[in-house]
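*Asks:* Here the sequence shown is numbered in UniProt numbering, starting from 1 and rising by one per residue. Beta carbons: idealized from backbone N, C-alpha and C, even for Gly.
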Amino acid sequence: MEKILNVLLTVLILVPVLVISQDPAFNDDVLGLIVFKSGLIDPEGKLTSWSEDDYSPCNWVGVKCDPRFNRVSELVLDNFSLSGHIGRSLLRLRFLRVISLSKNNFNGSINPVLAEIESLRFIDLSENHLSGPIPQELFNQCRSLRAISLANNNLSGSIPDSLSSCSSLEGLNFSSNQLSGRIPAGLWSLTSLRSLDLSDNLLEGEIINGIENLYDLRAINLRKNKFIGLLPQNIGNCLLLRSIDLAENSFSGGLPESMRKLGLCTSLSLRSNWLTGEIPDWIADMRSLEILDLAANNFSRLVPNSLGELQSLKELNLSKNEFSGSLPDSFINCANLMVLDVSQNLLMGNLPSWTFKLGLTSVNLSGNRFFGNFEFPPLISMAASYRTLQVLDLSSNTLSGELSSTIGNFSALQILNMSRNYLVGSIPTTLGQLNATLALDLSYNQLNGSIPSEIGGAVSLQVLRLKKNLMTGVIPLAIENCSSLALLDLSENNFTGPIPSAITNLTNLESVDLSFNQFNGSLPKELTNLSHLATFNVSHNHLEGELPVGGFFNTIPASSVAGNPALCGSIVKHSCPAVHPKPIVLNPNSSDSSRGALSANLHHRRVMLSISSLIAIGAAIFIALGVVTVSILNLHARSSMAQNAATPKMTGFEDFSHSHSTEANYGKLVMFSGEADFSSGTQALLNKDCELGRGGFGAVYRTKLGDGTYVAIKKLSISSLIKSQEDFEREVKKLGEIRHHNLVALLGYYWTPSLHLLINEYIDGGSLYKHLHEGQSRSCLSWQHRFNIVLGIAKGLAHLHRVNVIHYNMKSTNILIDVSGEPKVGDFALARLLPTLDRYILSSKIQSALGYMAPEFACQTVKITEKCDVYGFGVLILEIVTGKKPVEYMEDDVVVLCDMVRGALDEGRLEECVDHKLLGSFPVEEAIPLVKLGLICSSQVPSNRPDMEEVLRILELIKCPSECQEELE
C-alpha cells in the first residue's frame, strides 16, 4: 500500500511538470530557433514556416528532430541564401547533433559559441564568406565532434593547436581558404581521422613523420599549398588509403617505397611538383589504381612495363616529364584505360597500334618524337575507338603520310589536332561526317588541295585551323553551315577568289586570320554585323575597294589589312576615289577617217556640254533668288509672330535654344494625353530662374501650361549621342506608357534634330536629396516617413522591372517627394535613348551617381541587369536610414557609406548608424533589418542581391511586427 501511495505521489508531482514543459513558452528549441532566425537575413523567405506560435519546430523547414525525445537534432539550412550571425541562442538546442549552413552568405568571423554545444557531432560552414582566423576556443570541447568543414571561405592564420583535442574527429575539411604556417603536430595524433582535406591554402614546411599514425585514413588532399621536402616516407603505413592528392606543391625526390603497400589506393595525384628519378617497377603493387597522375615533374628514363599490370587503370597522365624510349606494348592489358596523356616528353618510335584498339576516350601523344606514316589500323580492330574516341592530339611530332578517309568514322570525336607534322595530300571529304567535332587543327603540315565543301557537315565546329599548308582553291560557301565557328585560321596558304559573304553569317566568329594568301575582290560590307569579332587579319592578299565601316572595323589595326595596295579607307590612310565616268581612250592605231568621225563627235559633245552648263548656271541663279526671297518672307513672318500677343493653337513647339540660331523654327511636339498650350514654354527655358536642377542627361525647367498646370521639362544634353528620330520616338513612347503611383509620369516630348525635350509631370515637394542633406528640411523626416519612402521607391522600381525597364541611374536626386510625402522615381531609363549602352558614355553621363553605381559598370564582361538598380536601391536605403551621403569627403579621408555600415555590422554597432536626429524615436526591430536589407541589396556580387519583388516581401515582413503591435494597442 505504501508503494502504491509513493507511485501516485510521484505521478501527481510529475504531471504538472510535464504539462509545464510542453507549454510553448517553455519550449527551448522553439525559442532558440526563433531567436536564431531573428539574427538572419532571409531574402528568399525560406524560413517563413518558422513561427513562434508553434508548439514544436519539428515540422519546420531545415529542422529534424530525434523521435526518441522529440527535440531538435539536426539543423540543415544549406543553400538558403542566408546571411547574418550565429548567436548564442543555439545553446538552447541541447540535443543538437548536426548544424549545416553551407552555401550561404554568412560573413565575419566564426563564432566560437558552437564549441559550447556539447552534443554537436557534425559542423558544416563551407562555401560562405567567413574570414579571420579559426578561433582556438572552437576546439576546446570537441571530444564528441566527428566531422567539421570550413571549406571555401576566406579564413586566414594558422590551424589551431587545440584541434588535437578532437580525439573522435573523422572528417576535417579546411580547403580553399588562406590558411598559412605549418600543419600542427597534434593533427597527426587524431587516430580516428578518415578524411583530411587542407588543399588550396598557403600551408608550408615539410611533412617528415606522423602521418603513419593515421591508420584509419582513407583520403588525404594537400593539393595546392607550399609544402617542400620529400614525400611523406611512411605514408604506406596508412594501409586503408584510397585517395592521395599532393599535387601542386614543391615536393622533391622520388616515390617512397612504402607506397607499394597501398594496395587499396584508387587515385594517386602528384602532378606539378619537383619529383625526379624513374617510376619504380613496384608501382604494379598498387593494383587498385584507377587514376595515376604524375604530370609536370622531372621523372625520366623509360616508362615501365609494369604499368601494364594495372588492369583497373582508367586515367594515366605522364605528361610534361622527360620520359624517353617508346611506350610499352604491355599497355594493351589495361582494358579499362580511358584517358592517356604522355604529351611533352622525349618518347619516340612508331605510334603503338594499341592506341586505337583499347576504346580510349582521350589520347594525347603531342610534343614527342613519334615518326613514321600515320595510318589507322584495320577497321575491325578499331571498332571500339570509332564509338568512344573524343580527343585525339598527335600534334608536334614527325608523323608523315596522308589523312585516311576512315577519319570520318570517329562519330564521337570532339577534338582532332594533327598540327606540326609532315602530313601530305588533301583533306578527305569524310571530314564532313564529324558532326560532333568542336576543334580541328591541321596547321603546319604540307597538305594540298582545297577545303572540301563537305566541311559544312561539321555543324558543331568551333575552331578550324589550317594555317601554313600548301592549300589552294576558294573558301566553300558551305562553311556557313558551321554556325558555331568562333575561330577560323587559313593563313599562309594559296587560297584564291573573293572572301565569300557566307562568312558574314557566322555570327559567333571571334577571330579570323586569312593573311598571306591570294584572296582578291572586296571585303563584304556585312562583316560589320559580326558583333563578337575581336581579330580579323587579311593582310598580304590582293584585296581591293573600300574597307567596311562600322563595328570592329572602325578600330581594326592597320597591320591586319597591310599588304593590300588596292584597299582604301581611313585605316590604311588611302582615300577611296570618287566614282567618275570612264574617260575616252584614243586608239593610236585607228585610221584617219575614224579619227575624223571621232573629232566631229567630240565637237558635238563640247557643244552639248556648253548648253548644259548654261542651263545649270541659270538654274543655280534661280534657286539662289528663291532662297533670298523665302528668307525675307521668314523674317517678316517671325517679326509678325513676335508682335502677336495672342498665340494661335500650336502645331509645333518653338526652338528654345540660343545656341542653335540656324535651326528650323518648329519641331515635332507630341503629348500622350492630348494637346497642350506651351505659349509660355519659351520664356521658361530662357529664364534661368525657372531651372530646377541639372544632371548627367540635361537640365530641368519648370513651366506653366496655358491651363495653369505646371510641368517639368528636361532639356537633354546628349543630342550628339542620341538615337535617330525614329528610334528616339519609339523609346520615348514606350516610357510614356509606364504609369505607377510611385513613378514620375512622362507626359510628352519635343524633337528637332538638335534639341530634344522630355515633358514630365511636375512634383513640387523637392528631391529626396534636399530633404536628407540640405536646409532645415533635414529634420522633417520621421522614421515612419523614411520607411514609407523606402517602400514607395521599392514599389516604383519593382514596377519598372516588371515591364522590363532598367532605371540605370538610381540616386536620391532622382527621387522626388510630392506634397503628400509620397516618393516618385524619376529619370528612369534615359540611357535607352543612347544608340548603344556604351559603359564609358553611360558612366560619364551618370558620374554624379558616385557611390550608387554597381561594380558591374566597371567590368565589360558582366551584363548590366536589373540587379544594378537593386544595388543603387540598397545604397538609397542606407542613405535614408543614416542621413549620410553615399560618399563623403573628409579632410584626410574618404568615407564610403556601404563600407562604414558593413564595418559597424561586423563590430555589432549597427544601431549607431541610424541618423542621430532619430535618436529615441525609431523602432530598432525595423531599423536593424532595414539596414541589413540595404547591405544585401548593395552586395558586390550581383547574384547575391535579391530582386525587387523579393525586396517588397522583405519590407512587408519588416513592417509587420510594428503594425501588429499597433493593432494590439
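1. With DSSP collapsed to three states, give me the class of Val951.
2. Please report the distance separating the alpha-carbon of Met338 from that of Asn435.
3. For my contact list, Asn154 and Gln178 are in at a C-beta cut-off of 8 Å; report their separation, rounded to the angstrom.
4. Measure the Cβ-Cβ separation of Gly872 and Met810 and say whether it is below 7 Å.
5. Three or more C-beta pairs under 8 Å: does that hold for the segment 705-716 against the segment 786-793?
6. His532: buried (16+ other C-beta within 10 angstroms of its C-beta) or exposed?
7. Taking the beta strand (DSSP E) that Val887 falls in, what are its first and last residues?
8. Tell me the DSSP secondary structure of His807 in three-state form.
9. Mind checking which residues open and close the alpha helix (DSSP H) that includes Ser38?
10. Between the C-alpha atoms of Asp197 and Lys932, what's the straight-line distance to the nearest angstrom?
11. In whole angstroms, what is the alpha-carbon distance linking Glu926 and Gln784?
12. Please report the distance separating the alpha-carbon of Leu876 from that of Glu731.
13. For Asn537, does the count of other Cβ atoms within 10 angstroms reach 16, so buried, or fall short, so exposed?
14. Going by Cα to Cα distance, which pick from Gly425, Ser453, Ser450 and Ala458 is closest to Leu416?
15. Straight-line CA distance for Leu530 to Leu487?
16. What distance in whole Å lies between the Cβ atoms of Thr429 and Glu454, which are believed to be in contact at a cut-off of 8 Å?
17. In terms of residue numbering, what span does the beta strand (DSSP E) encompassing His771 cover?
18. Starting from Arg786, trace the alpha helix (DSSP H) both ways and give me its first and last residue.
19. Anyone know if the C-beta pair for His540 and Phe516 falls short of 7 Å?
20. Between His807, Leu830, Lys795 and Asn804, which lies nearest to Pro823 when the distance is taken from Cα to Cα?
21. So, with DSSP's three-state summary, where would you put Ala664?
22. Pick from Ser83, Asn107 and Ala247: whose alpha carbon is nearest that of Asn273?
23. Could you pull out every residue in the same chain whose Cβ sits closer than 8 Å to the Cβ of Ser400, ignoring the five residues on either side in sequence?
24. Taking only three categories from DSSP, how would you classify Phe139?
25. Going by the CB atoms, is the gap between Ser522 and Glu544 shorter than 7 Å?
26. Under 7 Å between the Cβ atoms of Ser102 and Phe36?
27. In whole angstroms, give me the CA-to-CA distance for Met348 and Gly325.
28. Using the Cα positions of Gly563 and Leu506, report the straight-line distance between them to the nearest angstrom.
29. Among Val30, Asp906, Val895 and Glu315, which residue has its Cα nearest to the Cα of residue 970?
30. Please report the straight-line C-alpha distance between Gly186 and Ser165, rounded to a whole angstrom.
31. Out of Asn237, Thr266 and Ser258, which has the shortest C-alpha to C-alpha gap to Asp245?
32. Report the residue from Val463, Asp341 and Gln518 whose alpha carbon sits nearest the alpha carbon of Leu470.
33. From which residue to which residue does the beta strand (DSSP E) around Ala712 run?
34. Is the segment 899-909 in contact with the segment 59-76, if contact means three or more CB pairs nearer than 8 Å?
35. Do the segment 59-69 and the segment 896-903 touch if we need at least three Cβ pairs shorter than 8 Å?
36. What residue ranges within the segment 384-447 form continuous beta strand (DSSP E) runs of no fewer than 3 residues, ordered along the chain?
*Replies:* Let me lay it out:
1. In the structure shown, Val951 sits in a helix (DSSP, three-state: H, G or I).
2. About 22 Å.
3. 6 Å
4. yes
5. no
6. exposed
7. Val887 to Tyr889
8. coil
9. Asp28 to Ser38
10. 34 Å
11. 10 Å
12. 27 Å
13. buried
14. Ala458
15. 13 Å
16. 5 Å
17. Where His771 is concerned, there is no enclosing beta strand (DSSP E), although the alpha helix (DSSP H) around it starts and stops at Leu768 to His773.
18. Trp783 to Arg802
19. Contact: yes.
20. Lys795
21. Note that Ala664 scores 35 on pLDDT, short of 50, meaning its location in the model is unreliable and no value can be drawn from it.
22. Ala247
23. Phe371, Gly372, Asn373, Phe374, Asn421, Tyr422, Leu423 and Val424
24. helix
25. yes
26. If you check the CB distance, Ser102 and Phe36 do not come in under 7 Å.
27. 6 Å
28. Between the C-alpha atoms of Gly563 and Leu506 there is a straight-line separation of about 26 Å.
29. Coverage of the chain is limited to positions 1 through 969, which leaves residue 970 absent and any answer about it impossible.
30. 8 Å
31. From the listed residues Asn237, Thr266 and Ser258, the smallest Cα separation to Asp245 is found for Thr266.
32. Gln518
33. Tyr710 to Leu716
34. The segment 899-909 is not in contact with the segment 59-76.
35. Short answer: they don't touch.
36. Counting whole runs of 3 or more residues, the segment 384-447 contains the beta strand (DSSP E) stretches 391-393, 398-402, 415-417, 422-424 and 439-441.
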